[in-house]
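Residue numbers (UniProt numbering): 1 to 389. Read through the structure below, which is laid out as structure tokens, and then see the notes.
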């Protein structure tokens with residue numbers, strides 16, 4: 001298990017029309033080919049909440065300063081999140097790092113959603129702690145230098161310069177994000193084998209990603225599972241994070257002082273028993289390998305916290321041993337429970353989807369139609385999920 005997290009297509013911004021002289025009549029031509037559209041039925045959903053996008057009207061430097069000022073205004077004792085602690089100690093970090101990135105020759109420029117202050121911040125947080133020395137770095141120049149190395153590598157990867165794109169069958173990240181499709185029957189199988197999806201927020205306002213851990217291993221479905229994870233990471237950065245972090249000028253001081261970068265992960269182990277541990281081990285080993293290669297490298301700070309529930313007393317002991325092979329940040333933010341009552345405390349009983357509620361243990365078929373509809377209406381559905389009307 002690794003936390004990463006989560007895509008609907010992002011419509012390009014409309015460009016202002018420019019008047020042109022009327023063209024002279026031209027010989028008739030064959031009509032241009034219209035791209036094929038998805039055949040699957042879709043539901044008429046309520047509009048997805050507006051997502052702020054980068055444009056010339058947004059002063060990102062002022063936004064950086066506003067976040068830092070709001071955090072600096074907090075009493076030291078109230079700076080409890082990693083973002084608050086870091087920017088409290090390094091109040092110029094956002095501005096300096098943004099300036100450094102702007103002066104750097106990247107494989108591809110930062111996309112609009114990558115201009116968001118929380119995107120810049122997540123790379124700084126990833127390099128704040130020296131995991132080898134088990135201490136926090138204090139030299140801001142060193143933190144920025146190492147964070148920049150990550151950004152450079154990420155933009156190179158996103159541009160298509162990696163063997164994974166040949167394996168996945170896409171040119172680069174934007175190509176996969178916009179054009180990924182998957183046969184419905186195989187998608188249904190993946191959902192039943194390894195259910196996962198975003199649904200609502202927890203009591204702290206962070207998006208919640210639910211998973212029903214599988215009790216079998218299917219090597220042929222590992223790549224689709226990895227792609228699904230990557231696309232959910234993309235949607236989290238492109239849509240979820242901006243939705244929960246209003247732009248400067250609209251955000252309240254409380255919102256500015258409490259940036260939300262990551263996701264709360266719920267992993268339900270109700271299907272796992274001692275008899276299926278070998279199969280589960282192969283699946284989770286594959287996912288850990290993926291997480292180290294893609295999520296940890298290119299989607300830092302995606303996980304806010306994780307709860308592994310319904311493990312039972314024996315498996316809790318095993319998991320507490322297994323988690324030691326995971327990255328340090330994952331270890332620090334993961335909690336294991338024999339039951340599922342913690343979900344009512346962290347998320348709220350009314351917000352937990354039916355299959356994860358008390359009494360829903362036997363339901364392994366996924367969300368109800370109403371819950372899937374809500375996913376679409378709130379923008380939580382993955383990009384390839386279509387809900388029948």
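Where a beta carbon is used, it is the ideal one built from N, C-alpha and C, also for glycine.
From which residue to which residue does the alpha helix (DSSP H) around residue i run?
i, result
"residue 335", "Premise fails: residue 335 lies in the beta strand (DSSP E), 334-336, not in any alpha helix (DSSP H)."
"residue 226", "222-235"
"residue 121", "117-128"
"residue 87", "82-89"
"residue 179", "173-179"
"residue 358", "Careful: residue 358 lies outside any alpha helix (DSSP H) and carries neither H nor E."
"residue 97", "93-102"
"residue 371", "369-378"
"residue 167", "164-168"
Put residue i into one of helix, strand or coil per three-state DSSP.
i, result
"residue 107", "coil"
"residue 158", "helix"
"residue 197", "strand"
"residue 303", "strand"
"residue 346", "helix"
"residue 75", "coil"
"residue 311", "coil"
"residue 266", "strand"
"residue 190", "helix"
"residue 31", "Residue placement at residue 31 is poorly supported in this model, since its pLDDT is 37, which falls under 50; the coordinates are not used for a value here."
"residue 248", "coil"
"residue 135", "strand"
"residue 258", "coil"
"residue 286", "helix"
"residue 272", "coil"
"residue 144", "helix"
"residue 297", "helix"
"residue 340", "coil"
"residue 58", "coil"
Could you check the C-alpha separation between residue i and residue j for me, to the nearest Å?
i, j, result
"residue 80", "residue 164", "38 angstroms"
"residue 260", "residue 238", "13 angstroms"
"residue 154", "residue 298", "5 angstroms"
"residue 91", "residue 173", "32 angstroms"
"residue 196", "residue 227", "13 angstroms"
"residue 235", "residue 74", "31 angstroms"
"residue 372", "residue 131", "40 angstroms"
"residue 381", "residue 141", "40 angstroms"
"residue 54", "residue 87", "Reliability fails at residue 54, whose pLDDT of 46 lies under 50, so the model's placement of it is uncertain and the value that follows must be treated cautiously. Roughly 23 angstroms between the two C-alpha positions."
"residue 315", "residue 143", "38 angstroms"
"residue 369", "residue 355", "12 angstroms"
"residue 252", "residue 70", "10 angstroms"
"residue 282", "residue 121", "34 angstroms"
"residue 229", "residue 57", "33 angstroms"
"residue 266", "residue 156", "32 angstroms"
"residue 332", "residue 295", "17 angstroms"
"residue 377", "residue 178", "20 angstroms"
"residue 99", "residue 276", "51 angstroms"
"residue 111", "residue 160", "15 angstroms"
"residue 39", "residue 184", "Low per-residue confidence applies at residue 39: pLDDT is 31, beneath 50, and the placement is therefore not dependable, though the value from the model is reported in the following sentence. Looking at the two C-alpha atoms, the distance is approximately 11 angstroms."
"residue 336", "residue 306", "8 angstroms"
"residue 342", "residue 207", "16 angstroms"
"residue 286", "residue 274", "19 angstroms"
"residue 48", "residue 375", "Model confidence at residue 48 stands at a pLDDT of 40, short of 50, so the residue's coordinates are unreliable; what they give is reported in the following sentence. Near 10 angstroms, if we compare the C-alpha coordinates of residue 375 and residue 48."
"residue 241", "residue 233", "10 angstroms"
"residue 278", "residue 288", "15 angstroms"
"residue 36", "residue 167", "With a pLDDT of only 33 at residue 36, under 50, the local geometry of the prediction cannot be trusted, and the value read off the model is given with reservation. For residue 36 and residue 167, the distance between alpha carbons rounds to 24 angstroms."
Considering only their Cβ atoms, is the gap separating residue j from residue i smaller than 8 angstroms?
i, j, result
"residue 123", "residue 147", "yes"
"residue 182", "residue 367", "no"
"residue 109", "residue 60", "no"
"residue 231", "residue 194", "no"
"residue 263", "residue 218", "no"
"residue 303", "residue 203", "no"
"residue 152", "residue 106", "yes"
"residue 223", "residue 272", "no"
"residue 170", "residue 190", "no"
"residue 268", "residue 310", "yes"
"residue 125", "residue 83", "yes"
"residue 379", "residue 158", "no"
"residue 95", "residue 64", "yes"
For the beta strand (DSSP E) containing residue i, name the first residue and the last one.
i, result
"residue 210", "207-212"
Taking 8 angstroms as the threshold (beta carbon to beta carbon), is residue i in contact with chain B?
i, result
"residue 332", "Looking for chain B here will not work: only one protein chain is present."
Using a Cβ-based criterion (distance less than 7 angstroms to any ligand heavy atom), does residue i qualify as near the ligand SAM?
i, result
"residue 101", "For the structure depicted, the ligand SAM is absent and the ligand set is empty, with no information on it obtainable."
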